[in-house]
Each structure stands twice: as structure tokens, then as C-alpha cells.
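The listed protein sequences correspond, in order, to chains P and U.
At position 80 of the first sequence the residue is numbered 80 (my numbering), and the sequence of numbers has no breaks.
Basically my numbering = 1-based index in the second sequence + 1000.
Glycine included, C-beta positions come from ideal geometry on N, C-alpha and C.
So the structure is just underneath, and the comments pick up after that.
Number of protein chains: 2
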Amino acid sequence: MINKGVTSPKGFLASGVACGLKKNGNKDLAMIISENDAVAAGIFTTNVVKGHSLLWTRDKIKSRYARAMVINSGCANACLGSRGDNDAAQMALYASSLINCSPEQVLLGSTGVIGFPLEMDKIKHGIDEAFATLSNQGGFHAAQAIMTTDTFSKEASKTIEIDGKTITIGGMAKGSGMIHPNMATMISLITTDVAISPELLDKALKAVANKSFNRISVDGDTSVCDQLVIMANGQAGNATINSEGSDYKTFVSALLEVSITLAKMLAKDGEGATKLIEIRVEHCDNKESAHLILNAIAKSPLVKTAFFGQDANWGRIFTAAGYSGVSFNPDLVDIFIGELMVCKNGIGLSFDEGKASDILKKDEIVVTLDFKSGQFSDRIWTCDFSYDYVKINGSYRS
Amino acid sequence: MINKGVTSPKGFLASGVACGLKKNGNKDLAMIISENDAVAAGIFTTNVVKGHSLLWTRDKIKSRYARAMVINSGCANACLGSRGDNDAAQMALYASSLINCSPEQVLLGSTGVIGFPLEMDKIKHGIDEAFATLSNQGGFHAAQAIMTTDTFSKEASKTIEIDGKTITIGGMAKGSGMIHPNMATMISLITTDVAISPELLDKALKAVANKSFNRISVDGDTSVCDQLVIMANGQAGNATINSEGSDYKTFVSALLEVSITLAKMLAKDGEGATKLIEIRVEHCDNKESAHLILNAIAKSPLVKTAFFGQDANWGRIFTAAGYSGVSFNPDLVDIFIGELMVCKNGIGLSFDEGKASDILKKDEIVVTLDFKSGQFSDRIWTCDFSYDYVKINGSYRS
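Listed below in C-alpha cells is the structure:
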């Protein structure tokens, strides 16, 4: 097993155990701790409805420091009133007593079904066992324990040099339905041993999220439990990054690489997905237009089922752009499936269907729309829509 | 066969024929004519991309009078540049020469795949045959000829009395994917023998559309060919409705009834649908909030697959409301599936799953969210999301 996730940076221990929240007996509770206090930052769901574990983390992370994170799958701990808040507090308190830190230093994540309370006896047993099995090779088990309908666990890491020291960034993430920009049903934790100021860690995370996690869409739904957290414990021993100079840029660039790798894994493992689709828009009038058009296309069930059917139905892509709310001149638009031009100046071309079919058979497909109007380009990653999406989501709660 | 569609009012003839645009040999060209010039009004897609036949109709209807409408299925006549415009003009010209009116009096509709040109030889043969078979019992054939993936043809009619005269309103519509507020992939023609001024006919149509056709959603996509047209030929002999008095109100009320009947048929026949779902929101702060919340819920693939799976997963409904863009207090929200309360003040109840299951097994389900805040209520009709949606749309073009 390669140690490539949250335990790849120095000074992080993790574990993942099965405490019985998942009916199938799979791992469902992850613990990650830093040996010393780590600088922390987070980004949270934009949904008006928010899970109780997420609310705890959003509140406590304001101190900008954390020691540990406990994440359970199998139950979202959401829509439960004061009981949900109390259970979150209990979870943090119980873990903190083992770790020997304050409860406020324990961040939380919960993912799963909404409206059912956490089974606190199971959670406590799980925390006991997770604490007892913490290891600097345990990232893989933690990544497994946060999975819901994910078909594979998601880890990524990257090593760089800053100030003559080796810096490692490691991360894990889970999806895989309710994935859409501005935090979908995802939980991701990124760890690093870099020394950096709280302000710049926060700034780096926000900058990177907008080019990675906020650029994926599985079904257009965003959930009440989505969060991205980063912890930086400084154990690499570099001079603390305090300004936006070259060290900061080197760090951000590596953080972006890890984040994009995780984000693309989330899109590729969208529920029932058989393909990773990258939608690109070019020469839009402004940033907002690019964003609206990408979102409309990536969310369209008609576009996504056509990709599943390997059908070069570019009319649906054009149609989705047309109802995105952006006013553009349709007579300027070129559309490409892979390298193949299928529409020029808004008019369909009689393209080689065999060539289109070869492109659409691939696991990863790039679609490009060129609006030939302004200076703004952007991209989003999404997936196709299959029978299995319906199967998975028709019976998730039961 | 009951004459309940577009030929139920006096003075309208219709026909539907197979001219070879559909590969399976089904009917694909409808013609509807009024014996005399009819007052006409229309509402057209809000999509930036618009089909050529639709653009013809949108332009010609500005005269506020029409004699006939020709609608083909099997080809959208969209995204074809000047060729598409010329084909539309040809279609109207050819029909007008048979009907003996000006081409501008022939309205057009086309629905089907985007980007492939109309086969004009087939269209002309179809128009010949359709003209030869016009009948005052032909509404049913016309309703069949405009179907694409619809599983049943959609007709409705209503008879009222105004000014001592019997007034009939008849209509037909087709769906059934790309259905979403502001004209989805639908074409609907409503005919009536009422005598009414052009201004009031236009006003009545707009008022009614916002409570019927603009309140259905199948998959959130709106197409480039969506239109709703009404023709009123005055053959009932009532004194022309020229003011918004009681006669106008009687007419609007009947028109609404016909429109809601057709709209609900469209939602119920959403591609692959097994259920009609009515989503109601109550006590919202304003009209726009109600609208945004309804749209988010009706579009959510997670909500729609849960209905297909007969799963009382109200958390997804609440989640969709939460990301609708509306800021509401989640701690006030009550949610009902049928009559069964499943969430009170934002907190999940431990409801009777057997009762929920009985409700969810039905063909028609009402879901209500009460925000207990303002004075605004609204509703939308949608359907569930099944394997067959994926099947139908994964291979539509081929």
C-alpha cells in the first residue's frame, strides 16, 4: 500500500474503522490527528440547510487551529434540531478526551442519510477503536471509511521543495452524488506539513477550490454536509510562509494539483458514471457567462444521458447553453467533440459519425464550445448519466 | 373516437399523416386549418437558440391572424442557418398554395432532432396528403402526428356558454423530455370558436400559460422549438369579447382548465415517468422565492429518482430547497408527503414508513413544503426519473 493520502505529510496519523453505522459492515468512521496543533481552514456548503457536524466544524475552525478530525459515513447528522447539535458536541468531546486536547480542536464531518440521529454508542465505540489503531500509514483506511456510494476511495499527494525543505501535501475525498459547484455532497480533508500563516492557508484554499472542487458537477444537487478542510502542521520545518511570494505560489500550485486530482476522481466516480466529461467554454464575454453556461451543460440530464449512450447529440449541448440565462449570439458558436468540429457558426456540420463514435467510446471526453466573442474561458468536469445512477438513487435510503 | 381536441370547436379541420420523417413509419405531419381567418396568439421558447420553424411562427403571428398551422415531428429544423429559414418559408408557401391563403397565414412547428435539415420532398408529399385528408374529426390524428417520445397523444376540450352561445375550446400538446417552465420541448395548439379581440386573446394566453404550461418540469431542459399557439375563429357567434368583464373571465377560466389538463398530461408522460408529482410550496416570502424553490425540487435528479424508488427520502427535497438560492429559515419548515407529515420545524419525524410507502406507490403524489413565513403559495407538476428516461435519452438520435 502506498502512503499517498492524509498520512503522507509528516506528523499526521489516521485510521478508519467499522462501527456499525453502515448496514453492510463496511468502514464508517475515520480519525485523523496531527501530532501538534495545526493551522486549519475550511470551505462549507452554500446550502441554506446545514448538517449539525458541519456547523460544529464551521464554528470551531474560526480559531484557525485544529488537532484532529473525526468523520463518519452512514448518517448525515442533519435536520435533527438540538439533538443533532448535542450529538456533534458529544462526538468531539469524546474524541478530545482520548486525544488529550480541547473539544474545540476536534473538527467533524458526517455524511449519509438525512433526518436519522447518530447512534452515539456506535460512534463512541468507533472513536475508541479508531484512536487505538491510529497510524502514520492509516490514510488509506480513513479514505475508505468516509465513502458512501463511492466505488473507489480517493487519495492524492504531491511533494515539493520550499525553503530547502521537503513539503508534502496529501488529501482524501468522498463523493459521489449531489456533486455540484460550491461544495457538493463531498467531504475532503487535505493535510500538509508546510509552515504557513492561517491567513494565507485560508486564502490558498479558497483560490484552489474555485479551480477544482467548485468545477465539478455530477447531478446539480449540493448537499447539506459538504466541506473541504485543510490542516497544516508545520513539521516540514520551512520558514513560515507569511507573504504571497514565490514560496506561497509554489505551495498553491501543488495544492491545486492535489485538489484537481481529487476533484476529477469525484466527477469520474459520480454515481453510476461510466465516463469523465470535461466541458470547456472559450471566448465568453465574462466570467459569469462562462460559469452559467458550463453549469447548464454539466447539469443537463439530456446531455448526460446522450454521453452515456455515446450519441454525438451536440444539439442538446447547444440547447443547454441556450437556456443557461446567458444572452449570446448563436450564429457565432463553434462546437467540438474531442477534436471533431460538429457545429460551426451555429450550424450543424455533416461530420464523420464513425470518428465521433470513436471519441465517445473513450473513458474521458472533452467537449468545447467557442463563443468567439470575449476573452473568458473556463471548464467544468462532469460525468454521464446511466441506469446505475437511477438504481443507486432510487433505493439509497433503504 | 371522441372529437375532443383541436377539431372540437366549430370551423376547424385537421389531419395527421406519415410522410417518412420518422424512421418507424409513424405519423409525423399534422395540419390544422380554420375555415375562416382566426385571431391568433403565441408564446415561444426563452432559449437563446431558436428553431427556424418557430422563428417563422413568432414573426408571422405578429399580424395577430392566422388560417392554418403545419407541424412536423421527427426533425426540429434547428441550427441550420439560412437553409433552415428557407425550408420553413417553403413549407408555409407550399401549404398556403393548397389552402388558398397567404404563406404568412400558415404557422409552423417542428420538433425532433436538432441539426439535420428537413427532407423537403417528404414534407411536401406530407402536406399534400394532410390537405387531402382534412376533416372536422381529424384532431386525434393531428395529436398523434406531433408526438416524439410521447407514449400517448394529448388532447383536451371544454365547453362553456358565453353570451347565450356555446363556446368550445380544444387543444393538443406533445412533450415529453426537455420539459421545464418557460416552454419546454413542447408544442401545443389550442383552438376555439370564441369571438375575442386579438389583444385579449394574447393576454388570456399569457395569463393561463403561467399557471399551467409554465408550471411543469420533466428534466429542467428547455428546448429550441417550444411553442404554444392559440387560434380563435369566432364561429360560435358570441358578441366579440372586447373587455375584461365576466365573459372574458369565463373564457380564461375554461382556457385554464384545458391548459392545466394538457400540462399535467405532459408531466405525467415525462420520458420514462411512472408517476405524476405535484410539488406545492406554502407561505413563502414572495413569488420569486416560491418559484425558485419549486424549480430546484422539480429539477433535482436525486428527488426524482427517490420518487421512482418509492423512497420517502424527504431529506433530498429539503436539500433541494436549501440550494435553490432562496434564503429561508430551515427551522420553520414542515414537509408533507401526501397528508403525512415527515418533517416539522426542520426536524425529521419518525413517521410511519408503511403509510409513506402506501402514498408513494400511487400514480399521483402531492408533496407540500410549508415555510410558515409569508403569504405566497405556488405549485409545479413534475414526474419521477426512471431507468427508461436514461434508455430513451441515451439513444434518441440514433
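Residue from D1331/U, C1075/U, D1163/U and C1343/U whose Cα sits closest to the Cα of T1111/U: Translated into the one-based positions of the second sequence, residue 1111/U becomes position 111. Of the listed residues, the one whose Cα sits closest to T1111/U is C1075/U.
Can you tell which of G115/P, A239/P and M91/P has the C-alpha that lies nearest to the C-alpha of Q161/P? Start at 1 with the first residue of the first sequence, and residue 161/P comes out as number 161. Note on residue identity: the sequence assigns Glu, not Gln, to residue 161/P. The shortest Cα separation from E161/P among G115/P, A239/P and M91/P belongs to A239/P.
Provide the residue span of the beta strand (DSSP E) that contains L107/P, from first to last. Mapped onto the first sequence, residue 107/P falls at position 107. Element bounds for L107/P: V106 to T111.
State the Cα-Cα distance for the pair A156/P and K23/P, rounded to the nearest angstrom. Along the first sequence, read from residue 1 onward, the residue named residue 156/P stands at position 156. Along the first sequence, read from residue 1 onward, the residue named residue 23/P stands at position 23. Looking at the two C-alpha atoms, the distance is approximately 28 Å.
Is there a Cβ from chain U that is less than 8 Å from the Cβ of W56/P? Working through the first sequence from its first residue, we reach residue 56/P at position 56. It does not: the Cβ of W56/P has no partner Cβ on chain U nearer than 8 Å.
Thinking just about the alpha-carbon of each residue, which of A38/P, N210/P and T250/P is nearest to the one in G164/P? Counting from 1 along the first sequence, the entry for residue 164/P is found at position 164. Nearest C-alpha to G164/P: T250/P.
Determine whether the beta carbon atoms of G234/P and V6/P lie at a separation below 8 Å. By one-based count along the first sequence, residue 234/P stands at place 234. By one-based count along the first sequence, residue 6/P stands at place 6. No, the pair does not count as a contact, with Cβ atoms beyond the cut-off.
How long is the line joining the alpha carbons of H1125/U and S373/P, rounded to whole angstroms? Mapped onto the second sequence, residue 1125/U falls at position 125. Mapped onto the first sequence, residue 373/P falls at position 373. Counting only the Cα atoms, S373/P lies some 42 Å from H1125/U.
Within a Cβ cutoff of 8 Å, which residues of the same chain sit near K122/P, ignoring the five residues on either side of it in sequence? As a first step, residue 122/P must be located in the first sequence, where it is residue number 122. Excluding positions up to five away in sequence, the list reads C19, G20 and L21.
Environment of E288/P [buried if 16+ CB atoms lie within 10 Å]: What you label residue 288/P is simply residue 288 of the first sequence in a count that begins at 1. By the 10 Å Cβ count, E288/P comes out exposed.
Verify whether the separation of the beta carbon atoms of V1404/U and G322/P is less than 8 Å. This structure cannot speak to residue 1404/U, because chain U is shown only from 1001 to 1398.
Quick check: what's the CA-CA separation for T971/U versus L1108/U? Outside the shown range of chain U (1001 to 1398) lies residue 971/U, about which nothing can therefore be said.
Report the rounded CA-to-CA distance for S303/P versus F1308/U, giving the unit in angstroms. As a position in the first sequence, residue 303/P is number 303, starting the count at 1. As a position in the second sequence, residue 1308/U is number 308, starting the count at 1. Per the sequence presented here, residue 303/P reads as Val, with Ser not at that position. Distance between the alpha carbons of V303/P and F1308/U: 21 Å.
Per-residue burial, Q1227/U [other beta carbons within 10 Å of its own, 16 or more giving buried]: By 1-based counting over the second sequence, the position of residue 1227/U is 227. Classification of Q1227/U: buried, given that the 10 Å Cβ count is 16 or more.
W1381/U and C1343/U: beta carbons closer than 8 Å? As a working note, residue 1381/U is residue 381 in the second sequence. As a working note, residue 1343/U is residue 343 in the second sequence. No; because the gap between Cβ atoms is not below 8 Å, this pair is not in contact.
To the nearest whole angstrom, what separates the beta carbons of A1263/U and I1230/U, a pair I think is in contact under 8 Å? Here residue 1263/U corresponds to residue number 263 of the second sequence, with the count starting at 1. Here residue 1230/U corresponds to residue number 230 of the second sequence, with the count starting at 1. The pair is not a contact, with the Cβ atoms about 14 Å apart (cut-off 8 Å).
Could you tell me the distance, in whole angstroms, from the CA atom of F376/P to the CA atom of F1152/U? On the first sequence, position 376 is the one that residue 376/P refers to. On the second sequence, position 152 is the one that residue 1152/U refers to. Approximately 45 Å, taken between the alpha carbons.
Closer than 7 Å between beta carbons: that is the criterion. Which residues of the segment 342–356 of chain P meet it against chain U? C343, G346, I347 and G348
Output the boundary residues of the beta strand (DSSP E) element that contains V1400/U. Here chain U covers residues 1001 to 1398 and nothing more, so residue 1400/U does not appear.
What in chain U is Cβ-close to A298/P, meaning under 7 Å? Your numbering for residue 298/P matches position 298 in the first sequence. Going along chain U, no residue has its Cβ under 7 Å from A298/P, so there is no contact; the nearest lies around 12 Å.
Can you give the Cα-Cα distance for S96/P and S34/P, rounded to whole angstroms? For the purposes of this step, residue 96/P is identified with residue 96 of the first sequence, where counting begins at 1. For the purposes of this step, residue 34/P is identified with residue 34 of the first sequence, where counting begins at 1. Whole-angstrom Cα-Cα distance: 13 Å.
Hey, quick one: how far does the beta strand (DSSP E) through S999/U stretch, first residue to last? Because residue 999/U is not part of the residues shown, which for chain U are 1001 to 1398, the question remains open.
Tell me where the beta strand (DSSP E) around M1031/U begins and ends. Counted from its first residue, the second sequence places residue 1031/U at position 31. Counting along the chain, the beta strand (DSSP E) containing M1031/U begins and ends at L1029 to F1044.
Taking the alpha-carbon of S1062/U as reference, which of D1202/U, A1092/U and I1190/U has the nearest alpha-carbon? Against the second sequence, residue 1062/U aligns to sequence position 62. Looking at the sequence shown, residue 1062/U is not Ser but Lys. Here the closest residue by C-alpha is D1202/U.
Close Cβ partners of V252/P (< 8 Å) along its chain, the five nearest in sequence each way excluded: The count along the first sequence starts at 1 and reaches residue 252/P at position 252. Correct list, in chain order: A204, A207 and V208.
To the nearest angstrom, how far is it from the Cα of M1/P to the Cα of Y1387/U? Position 1 of the first sequence, counted from the first residue, corresponds to residue 1/P. Position 387 of the second sequence, counted from the first residue, corresponds to residue 1387/U. Note that M1/P scores a pLDDT of 47, beneath 50, so its modelled location is shaky; the value from the coordinates is reported in the next line. The straight-line gap from Cα to Cα measures roughly 38 Å.
Beta carbon of G1139/U nearer than 8 Å to that of M1172/U: Here the question's residue 1139/U lines up with position 139 in the second sequence. Here the question's residue 1172/U lines up with position 172 in the second sequence. Their beta carbons are under 8 Å apart, which means G1139/U touches M1172/U by this criterion.
Indicate whether F371/P and L340/P have their beta-carbon atoms separated by less than 8 Å. Translated into positions along the first sequence, residue 371/P becomes position 371. Translated into positions along the first sequence, residue 340/P becomes position 340. No.
Classification of D352/P by the beta-carbon crowding that lies within 10 angstroms, buried from 16 upward: Residue 352/P sits at position 352 when you count from the first residue of the first sequence. D352/P comes out exposed.
Could you list which residues in chain P have their beta carbon closer than 9 Å to that of V1367/U, in chain order? Taking the first residue of the second sequence as 1, we reach residue 1367/U at position 367. Residues of chain P passing the Cβ test: none, with the nearest at roughly 15 Å.
Looking at D1028/U and H1052/U, is the spacing between their C-beta atoms short of 8 Å? Start at 1 with the first residue of the second sequence, and residue 1052/U comes out as number 52. Start at 1 with the first residue of the second sequence, and residue 1028/U comes out as number 28. Cβ distance not < 8 Å, so H1052/U and D1028/U don't count as in contact.
Check whether the Cβ atoms of Y1065/U and V1039/U lie closer than 8 Å to each other. In the second sequence, the residue the question calls residue 1065/U occupies position 65. In the second sequence, the residue the question calls residue 1039/U occupies position 39. Yes, the pair counts as a contact, with Cβ atoms nearer than the cut-off.
Chain-ordered residues of the segment 259–285 of chain P with a beta carbon less than 8 Å from chain U: none
Suppose you measure from the CA of N1286/U to the CA of I1317/U; what does that come to, to the nearest Å? As a working note, residue 1286/U is residue 286 in the second sequence. As a working note, residue 1317/U is residue 317 in the second sequence. Spanning the two alpha carbons is a distance of roughly 20 Å.
Check whether chain P comes within 8 Å of L1292/U, counting only Cβ atoms and requiring the distance to be less than that. On the second sequence, residue 1292/U is found 292 positions in, with the first residue counted as 1. It does not: the Cβ of L1292/U has no partner Cβ on chain P nearer than 8 Å.
Chain P beta carbons: is any one of them nearer than 8 Å to that of C1383/U? Translated into the one-based positions of the second sequence, residue 1383/U becomes position 383. With 8 Å as the cut-off, C1383/U does not count as an interface residue toward chain P.
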